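Enquirer: So the protein lines, in turn, are chains A and B. As numbered in the working numbering, residues 3 to 276 make up the first sequence, in order. As numbered in the working numbering, residues 2 to 314 make up the second sequence, in order.
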Amino acid sequence: MSEKHETHFWFYLIGTAISIIALVPFLWMISTSFKSNGALLALPIEWIPKKPTFESYSKLFQLSGFLSSSFNSLFVAVLSVSVGLLSASAAAFAFAKLRFKGKDLLFMVFIASLMIPSQVSFIPLYLIMNNLRLTNKLIALVVPCVFKAFAVFMLRQQIMSIPDAYMDAASLDGASLGKTFFRIILPMCRTSLVTLAIILFMDSWNDYLLPLVLMTSKEHFTLPILLNSLSGEFKTSFNLLMAGSLLSMIPILIVYVCSQKYFSNGLQVGGIKG
Amino acid sequence: MNFGNEKMIDSGRRGWRRALPFLLPSLIGMVLFAYLPILISLFLSFTSWSGISRISLTHGFFKFVHENFLGLQNYQEIIRSSEFWTVLSHNFYFIVLYLPLMLVFSLTCAVIINSKTKGSGIYRVIFYIPVLTSWVAAALIWKWFLSFEYGPINNILSFFGIEGPLWLQSETLAMPSIVLASVWKDMGFYGMIFYGGLKGIDPTYYEAAQIDGASRKQLFFKVTLPMLSSVTFYVVMLSLINAFQLFPQVMVMAKDAGPNGATQVMVERIYKYAFRFGKMGYATAYSWILFVIIFFFTFIQKRIEKRWVNYDV
Chain A
3 MSEKHETHFW FYLIGTAISI IALVPFLWMI STSFKSNGAL LALPIEWIPK
53 KPTFESYSKL FQLSGFLSSS FNSLFVAVLS VSVGLLSASA AAFAFAKLRF
103 KGKDLLFMVF IASLMIPSQV SFIPLYLIMN NLRLTNKLIA LVVPCVFKAF
153 AVFMLRQQIM SIPDAYMDAA SLDGASLGKT FFRIILPMCR TSLVTLAIIL
203 FMDSWNDYLL PLVLMTSKEH FTLPILLNSL SGEFKTSFNL LMAGSLLSMI
253 PILIVYVCSQ KYFSNGLQVG GIKG
Chain B
2 MNFGNEKMID SGRRGWRRAL PFLLPSLIGM VLFAYLPILI SLFLSFTSWS
52 GISRISLTHG FFKFVHENFL GLQNYQEIIR SSEFWTVLSH NFYFIVLYLP
102 LMLVFSLTCA VIINSKTKGS GIYRVIFYIP VLTSWVAAAL IWKWFLSFEY
152 GPINNILSFF GIEGPLWLQS ETLAMPSIVL ASVWKDMGFY GMIFYGGLKG
202 IDPTYYEAAQ IDGASRKQLF FKVTLPMLSS VTFYVVMLSL INAFQLFPQV
252 MVMAKDAGPN GATQVMVERI YKYAFRFGKM GYATAYSWIL FVIIFFFTFI
302 QKRIEKRWVN YDV
């Protein structure tokens, strides 16, 4: 009995210690974002601002780029998720349920592409987008989502577990392949689709390298790129930068809290892509 | 799908005709955004392209090749430059510091989440929050957190009478600072992978060991750790591969790669050569070297995974 209590004690102690490590930087961010310019540079530092203000938040919204880049990020993320899921689930359906020559080989080619790191292909991607005249168009950030190999892989597993009887029944009722896919297969993949939607949303919302390279004019910045450029412009206004960082996290936190149960099972798969 | 008599026809042209509409978007995407870029960058790595002149296949492609072709010169130049080896050593320095810290922290996170004591669910949520944050936001937070005068860390240190260091502005501590931020950000992510591994361990192993009178410490080192070997291997390899792709934290936390270039790393160099210094050809050669290194680790992983690892989970 006493041994059990002792282990519990250690779990709480270490768990709480790591929680503090995980959270203190965020608390410091929140605290800083409510400081006035004067309080920001007060010594000794104010752990909790003595006179909290919304100064930096209102300043942030007055900056020309902030609202527009938030909309850009949302636009790109929502479109990326839709395009990515639709394209990947269609391919997964073909790989799982249709019969065609060279299927296994093609699937291996799909999966092998996971070994190509995006850090290696971003220069030619810039060149391709430039040739398609898509640089400084938000669509350029959406288009590459048409190919998501790990999503195809994950959805294929899921679709293979659906018994063929469902499809036979549909074809007996005269449903076309497309109809079978949209009406029967997709609804049965709900869990994987939601998990993948979260992964794709996070990837897109937090992406840095590709928008940094492809979006060079301010009106096309996504949030991370705007924050990056603000950090050069307002080097010392950390209250402003912390307010921006905090606001940029909110959509992800909302998604995270609303989808707790999906987070425990499928998310590691997405991590493979980094 | 079982359409009985269609079996024979399905594998022929008809099979493709049915599958193609479903495959086409992904197929085009794969060619255009996965394999073509690798080939283009291989081609560019043999040229002196600056990135300014337009390259077009239909207009003056051969003239371009004629004027810009260098052969292996970019690669030779990179390998011979001392900068490349310094940059590579920075990547390795990052890994050497990062890996042990990350393993200890993420394994601890996993054990705590898996302990099923009251509140472990809340810990799970908390440990994962840094993972959700974009690197730009996280890097800004840490830059401010490590500020020499106004940062909490140095203020706590000064409370104990220690004068805090310059962190990101110091040549020796810039990289360790980036490691700290990276461990903080990644521990929840790898923790969840370890947690998956812990969940998979058959409880009968513990029961058997307990009957034999094993202590808790023995249970952990003699049962848990060996049973986690495959997951640990996966985590080490994944983090190695990710460590070579280290980039946003370096860009945001240490502007212009830190004091005296102390935090110059591979991807940062590639980005700067391509988009700041106008040496696209040189940059793509750099990126191909990176590709080979990453590919090497992926290959090793696939190879060794089969032999060395305890799959008895």
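Yeah, the Cβ is synthetic: ideal placement off N, Cα and C, and Gly gets one too. Values in this document were obtained by computation on a predicted structure and should not be read as measured data.
As a quick exercise: from A:V122, A:F223, A:A199 and A:L242, pick the residue whose alpha carbon is nearest that of I39 of chain B.
Expert: A:V122
Enquirer: According to DSSP, F77 of chain A sits in a beta bridge with which residue or residues?
Expert: DSSP output for F77 of chain A lists no bridge partner at all.
Enquirer: Confirm, please, whether the CB-CB distance from V154 of chain A to Y264 of chain A is below 7 Å.
Expert: Going by C-beta atoms, Y264 of chain A is not nearer than 7 Å to V154 of chain A.
Enquirer: How is F70 of chain B classed by DSSP in three states: helix, strand or coil?
Expert: strand
Enquirer: Could you confirm whether any beta carbon from chain B is found closer than 7 Å to the beta carbon of F149 of chain A?
Expert: yes
Enquirer: Spatial neighbours of A151 of chain A within its chain, please: CB distance less than 8 Å, with the 5 preceding and 5 following residues excluded, ordered by chain position.
Expert: By the criterion of a C-beta distance shorter than 8 Å, A151 of chain A is surrounded in its chain by F112, I113, S115 and L116, once the five residues flanking it on both sides are discounted.
Enquirer: Between which two residues does the alpha helix (DSSP H) harbouring Q121 of chain A extend?
Expert: S120 to N133
Enquirer: Buried or exposed: which applies to Y16 of chain B, given that a residue is buried once 16 or more other Cβ atoms fall within 10 Å of its Cβ?
Expert: Sequence check: residue 16 of chain B is Gly here, not Tyr. Classification of G16 of chain B: buried, given that the 10 Å Cβ count is 16 or more.
Enquirer: Out of B:L24, B:F65, B:V224 and B:V88, which one is the CA nearest neighbour of E208 of chain B?
Expert: Considering only alpha carbons, the answer is B:V224.
Enquirer: Over what stretch of residues does the alpha helix (DSSP H) that includes P51 of chain A continue unbroken?
Expert: From DSSP, P51 of chain A is part of no alpha helix (DSSP H); its letter is neither H nor E.
Enquirer: Given that T2 of chain A touches chain B, what residues does it touch there, using C-beta distances under 8 Å?
Expert: Only positions 3 to 276 of chain A appear in the structure, and residue 2 of chain A is not among them; the question remains open.
Enquirer: Exposed or buried, which one is F183 of chain A when buried takes at least 16 other CB atoms within 10 Å?
Expert: buried
Enquirer: Can you find a CB in chain B that lies within less than 7 Å of the CB of Y258 of chain A?
Expert: yes
Enquirer: Between which two residues does the alpha helix (DSSP H) containing K181 of chain A stretch?
Expert: L179 to T182
Enquirer: Given F63 of chain A, which residues of its chain have a CB within under 8 Å of its CB, disregarding the five upstream and five downstream residues?
Expert: Only L69 meet the Cβ criterion.
Enquirer: Counting only runs of 4+ residues fully inside the segment 255–282 of chain B, write out the alpha helix (DSSP H) ranges in chain order.
Expert: 267–276
Enquirer: Reducing DSSP to helix, strand and coil, say where T285 of chain B ends up.
Expert: helix
Enquirer: Could you give the residue range of the alpha helix (DSSP H) that holds Y258 of chain A?
Expert: F240 to C260
Enquirer: Just list the residues that DSSP pairs T48 of chain B with in beta bridges.
Expert: B:F70
Enquirer: Indicate whether F62 of chain B and F149 of chain A have their beta-carbon atoms separated by less than 7 Å.
Expert: no
Enquirer: Let's test the definition: count the other Cβ atoms within 10 Å of the Cβ of A19 of chain A and tell me whether it reaches 16, buried, or not, exposed.
Expert: exposed
Enquirer: When you compare each of A:K53, A:G180 and A:S66 to L229 of chain A by their alpha carbons, which one comes out closest?
Expert: Ranking A:K53, A:G180 and A:S66 by Cα distance to L229 of chain A puts A:S66 first.
Enquirer: For a contact defined as C-beta to C-beta under 8 Å, what are the partners of G16 of chain B on chain A?
Expert: L100, R101, F102 and K103
Enquirer: Kindly say whether I202 of chain B, judged by its beta-carbon, lies nearer than 7 Å to any beta-carbon of chain A.
Expert: no
Enquirer: Determine the chain A residues that contact M31 of chain B at a beta-carbon separation under 7 Å, and present them in chain order.
Expert: F112, S115 and F149
Enquirer: Whole angstroms is fine: what's the gap from L158 of chain B's alpha carbon to P249 of chain B's?
Expert: 28 Å
Enquirer: Which runs of the beta strand (DSSP E) spanning at least 3 residues fall entirely within the segment 177–218 of chain A, listed in chain order?
Expert: none
Enquirer: Which residue wins for smallest C-alpha separation from H10 of chain A, given the options B:G120, B:L71 and B:P26?
Expert: Of the candidates B:G120, B:L71 and B:P26, B:G120 places its Cα closest to the Cα of H10 of chain A.
Enquirer: Answer yes or no: do S239 of chain A and N138 of chain A have a C-beta to C-beta separation smaller than 7 Å?
Expert: no
Enquirer: Buried or exposed: which applies to R101 of chain A, given that a residue is buried once 16 or more other Cβ atoms fall within 10 Å of its Cβ?
Expert: buried
Enquirer: To the nearest whole angstrom, what separates the beta carbons of A284 of chain B and I179 of chain B, a pair I think is in contact under 8 Å?
Expert: The C-beta distance from A284 of chain B to I179 of chain B rounds to 22 Å, too long to fall under 8 Å, and the pair is not in contact.
Enquirer: Is there a C-beta anywhere in chain B that falls below 7 Å from the one on P226 of chain A?
Expert: yes
Enquirer: Would you call the segment 148–165 of chain B in contact with the segment 193–206 of chain B, where contact means no fewer than 3 C-beta pairs closer than 8 Å?
Expert: no
Enquirer: So, is the C-beta of F203 of chain A closer than 7 Å to a C-beta in chain B?
Expert: no
Enquirer: Can you give me the C-alpha to C-alpha distance between Y1 of chain B and L108 of chain B, rounded to a whole angstrom?
Expert: Given a span of 2 to 314 for chain B in the structure shown, any question on residue 1 of chain B remains unanswerable.
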